[in-house]
Every structure is written in C-alpha cells, then in structure tokens.
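Below is one structure; the comments refer to it alone.
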Amino acid sequence: MAANQPARRRRDPQRRITEIVEATERVIAARGIEGLTHRAVAEEAGVPLGATTYHFATKDDLIEAALRRAHERYAAALEEWAAQRPTLTTNQLSVLLTDALMGCFGPNRDYEVVELELYVAAVRRPALRAIADRYTETTTGLLLRYVDPATAHAATAAMNGLTLRGLASSQHPGRDEVEAVLTRVLTPNPALPATLPTAAENQATARHGQ
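Each step along the sequence shown adds one to the number in my numbering, with nothing skipped, and position 14 is 45.
Below is the structure:
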C-alpha cells in the first residue's frame, strides 16, 4: 500500500532559505528594520514560523543574510555595468553616475531604501560591518577602473552622501546639482595627490599627534 502512495516531496533547504531572505527584504521595505520579526517574515514567505527560526535563530541573523544578499546583487550589477563600459571619459562617467543616482531617487527608490537601512544597521551591529565594508570596496573598485585611488574614494564618499541626502530628505537633489558635484569630484586636479596614505602612514600620523 505504501508503495502505491506518491513519494513525499522533499523541500529544497537552499530554496527555502532564499525565500526567507527575499521575504526579509520585502518586510524591511514595507515596515523598516524596526518592523522586522520572524513572524512577519514567515507570513510574507508563506512558510511556518519554525522554518524561519530554524534557519535564522535571531533577528540579526535575518538582517545579516539580507545584507549579504543585497551586496551580492549590487556587486553583480556593478560588474555587468563596468563590463559594458571598459573605458569612459570623466564627463561620461559623471553623466552615467548621475543617471544611476537619479534612479535611486525615482523608480529604484524602494530598493535603495532597503539597501540603505541594511547598510546603516551595521552602525549598531558590529557583526554586519565586514559586509557593509564590502559596499564601499565594491563601489571604489568600480571607480578605480576609470580614475585614480584618491578620486575613487572621494567619489564614493560623495555618492554615499548624495544618496543618503536624497533618500532621507523631503526633497532629493536635482540632476544638475548631482552632476555638478560628481564632475567636481571626478575632474583630475594635478595639484592634489592621486594616492591615499597607507595604513602605516596613518598610524604614524596618529602617533605623532598624540
């Protein structure tokens, strides 16, 4: 009799984990980090509550998994973007980065808000900082294909600031302003250093100042 019964379908654990992490992102998009709970994720994913706590014991575990997935998606998108643009002038780079930032304030806003919330969560969660660092490294790594190290780091900082301002303020900066800021940062200046101090040089400076 048992032989005639249909075989019980086995659930793919990795697929369930992916479903839970995707649901975590949707909950954060709708409710923010404060509204993230295992129960909310379980309801969003359509899985038993026990499935979420089995794979992710704490809320911080859910946040870490969502941040990791968001970074992987971000890194893949930047790699594809750069592969299609092997060389760019300063003006071309400024225009394209402006396009990307304006998209953050428009059609991609909800997605960017989730990313920003996950990134800022690292402020109070040290375990997330290594993943948060990768965001900066990924952005800077992209820019290093087109500009010198000091300019790449300056542009990364400028883009982060513009994104935060655009998402957190009542009115985001306009296109002309964004492009003007990025053009200023990206334009080579022979009077300024093109490299950054090494870690050893920073430590020596810190000791000298004590």
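Don't be surprised by glycine CBs; every beta carbon is placed ideally from N, CA and C.
task: Give a yes or no on whether the C-beta atoms belonging to H86 and I59 are separated by under 8 Å.
output: Between H86 and I59, the gap from beta carbon to beta carbon reaches 8 Å or more.
message: I need the boundaries of the alpha helix (DSSP H) containing V78, first residue and last residue.
response: Counted as a single uninterrupted DSSP element, the stretch harbouring V78 is not any alpha helix (DSSP H), since DSSP gives it neither H nor E.
field: Run of the alpha helix (DSSP H) containing S125, from where it starts to where it stops
entry: Looking at the DSSP string, the run of the alpha helix (DSSP H) that includes S125 is 121 to 136.
query: If you draw a straight line from the alpha carbon of G192 to that of R57, how long is it in whole angstroms?
result: Answer to the nearest angstrom: the Cα atoms are 25 Å apart.
message: Measuring only the C-alpha atoms, how far is P157 from I94?
response: CA-to-CA, the gap between P157 and I94 works out to about 12 Å.
- request: Helix, strand or coil for N220, going by three-state DSSP, please let me know.
  value: In the three-state DSSP reduction, N220 falls in the coil class, being neither helix nor strand.
message: What does the alpha-carbon distance come out to for the pair T218 and P224?
response: Between T218 and P224, the C-alpha separation is close to 13 Å.
message: Between which two residues does the alpha helix (DSSP H) holding T89 run?
response: T89: not part of any alpha helix (DSSP H); DSSP gives it neither H nor E.
message: Would T84 and H69 qualify as a contact pair, given that the criterion is a beta-carbon distance under 8 Å?
response: In this structure, H69 lies closer than 8 Å to T84 by Cβ.
- prompt: Around the Cβ of E65, are there at least 16 other Cβ atoms within 10 angstroms (buried) or fewer (exposed)?
  reply: Exposed: under 16 other Cβ atoms inside 10 Å.
query: What's the gap between the Cα of T182 and the Cα of V216?
result: Their Cα atoms are separated by approximately 7 Å.
- request: Tell me whether the beta-carbon of L124 lies closer than 8 Å to the beta-carbon of Y166.
  value: No; because the gap between Cβ atoms is not below 8 Å, this pair is not in contact.
task: Would you please state the rounded distance, in angstroms, between the beta carbons of L159 and A153? I believe it to be under 8 Å.
output: The pair is a contact, with the Cβ atoms about 4 Å apart (cut-off 8 Å).
message: Using the Cβ count rule (16 or more neighbours within 10 Å means buried), how would you classify L195?
response: For L195, the number of other beta carbons within 10 angstroms of its own is below 16, and it is reported as exposed.
query: How about the segment 129 to 139 and the segment 197 to 209: do they share at least three Cβ pairs that are nearer than 8 Å?
result: A contact is defined here as three or more CB-CB pairs under 8 Å, and the segment 129 to 139 meets this definition with respect to the segment 197 to 209.
task: Assign L80 to buried or exposed, taking buried as 16 or more other Cβ atoms, counted over all protein chains shown, within 10 Å of its Cβ.
output: With fewer than 16 Cβ atoms within 10 Å of its Cβ, L80 is classed as exposed.
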